[in-house]
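Heads up, the thing below is written out as structure tokens.
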Amino acid sequence: MSISVYIGISLDGYIADRDGGLDWLQSVPNPDNLDFGWGEFMGGIDAIVMGRRTFEAVCGFDCDWPYSKPVYVLSRTLKSLPKGYEGKAELVGGTLAEVVKTLHGRGHDHL
915 MSISVYIGIS
925 LDGYIADRDG
935 GLDWLQSVPN
945 PDNLDFGWGE
955 FMGGIDAIVM
965 GRRTFEAVCG
975 FDCDWPYSKP
985 VYVLSRTLKS
995 LPKGYEGKAE
1005 LVGGTLAEVV
1015 KTLHGRGHDH
1025 L
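Every position in the sequence shown, counted from 1, becomes a number in this note's numbering once 914 is added.
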């Protein structure tokens, strides 16, 4: 089992702004429309694991569901997925070790 991380982070070490927003990601100039390694990263994994806040941020993007791989959402508080996201993602809980063991048991080898 391999676990890799792909994350957008600001120079001061933050993922989100003080209000939890990710708008700053869109403000980074990208005139050549580079994917910053996203395609290569996605080609090397077989499932995506994200936290509830990231999932909620993705749900708020003005686009179609961006993932073609299975998506697992870690949450202790979310009891069900929002309407329209059933079948696009699945809630998982437990310790990180338990989640990794469960997903490996489902045939995922690179998260």
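Glycine included, each C-beta is placed from N, C-alpha and C at the ideal position.
Just so you know, these numbers come straight off a predicted model, no measurement behind them.
Query: Validate contact between the stretch 1006 to 1023 and the stretch 957 to 976 using beta carbons, cut 8 Å, 3 pairs; Result: yes
Query: First and last residue of the uninterrupted beta strand (DSSP E) at M956; Result: It is not in any beta strand (DSSP E) - M956 instead sits in the alpha helix (DSSP H) that spans 952 to 957.
Query: Cβ-based burial, F950 [other Cβ within 10 Å; buried from 16]; Result: exposed
Query: 8 Å contact criterion, which L936 and A971 should meet: CB distance rounded; Result: 5 Å
Query: Selected residue, minimal CA-CA separation from D978, among V919, L992, K1002; Result: K1002
Query: Inter-residue Cα distance where the pair is D931 and G957; Result: 29 Å
Query: CB of E1004 within 7 Å of CB of Y986, strictly; Result: yes
Query: Completely contained beta strand (DSSP E) runs for the stretch 916 to 975, where each covers 3 or more residues; Result: 962 to 965
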